[in-house]
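Below is one structure; the comments refer to it alone.
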Amino acid sequence: MQDEISEKLAMGIDYTTPYDQFNTAIQQWGKRRQFKILRSRQRNLEKSSTIRLALNAYNNNLLFGDAYQLNIRGEEKKALVRNDALPNVNAVVVSDLDLRDLCRNQVLQNMDGARAEIEYEL
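Note that our numbering has the sequence shown beginning at -16, numbered continuously upward.
See below:
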């Protein structure tokens, strides 16, 4: 939270002005509203697919630490370290979860395709 405030101050946002306080409150409300909408949509989709429910339950119960292992070799790794371009832990976790969502969607798409093929053949 403190890092986010520091970033905002660096961008010229002063939380002591009424405008910035109001604008920040609206943005936070919008984020919470969007999350509730997406969560509701996801729950409705889970009702129609037990596989989606199981995969989402697995993703929701993952625990991430505050470190990661970078699997890059040689010069590429050295270049990242030299340029101070190593990803932070938050970016790594988000990337991992996005990849898991893509894999989940592929599994669900393949299951739907298989179900449609079986129904067609019968």
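Ideal Cβ positions, reconstructed from N, Cα and C, are used throughout, including at glycine. From a predicted model like this one, the values you see are computed outputs, not experimental measurements.
Top-ranked residue by Cα proximity to residue i, from the options
{"i": "Leu45", "options": "Arg83, Ala97, Asn54", "result": "Arg83"}
{"i": "Ser32", "options": "Phe5, Arg65, Gly13, Leu91", "result": "Leu91"}
{"i": "Phe47", "options": "Val77, Asn6, Leu105", "result": "Val77"}
Collapsed DSSP secondary structure at residue i in the structure displayed
{"i": "Pro1", "result": "helix"}
{"i": "Ala50", "result": "coil"}
{"i": "Ser23", "result": "helix"}
{"i": "Tyr68", "result": "A small fix is needed here, since residue 68 is Ala in this sequence, not Tyr. The answer is coil: DSSP assigns Ala68 none of H, G, I, E or B."}
{"i": "Leu45", "result": "coil"}
{"i": "Leu105", "result": "coil"}
{"i": "Ile9", "result": "helix"}
{"i": "Ser32", "result": "coil"}
{"i": "Arg83", "result": "helix"}
{"i": "Arg56", "result": "coil"}
7 Å Cβ shell around residue i - same chain, five flanking residues per side excluded
{"i": "Tyr51", "result": "Val72, Val75"}
Close Cβ partners of residue i (< 8 Å) along its chain, the five nearest in sequence each way excluded
{"i": "Asp49", "result": "Val72"}
Assumed close pair residue i, residue j - CB separation to whole angstroms, cut-off 8 Å
{"i": "Arg22", "j": "Leu28", "result": "The Cβ separation is near 11 Å, so there is no contact."}
{"i": "Leu80", "j": "Asn42", "result": "7 Å"}
{"i": "Lys60", "j": "Leu53", "result": "7 Å"}
Own chain residues within Cβ distance below 6 Å of residue i, not counting five before or after
{"i": "Leu38", "result": "Arg87"}
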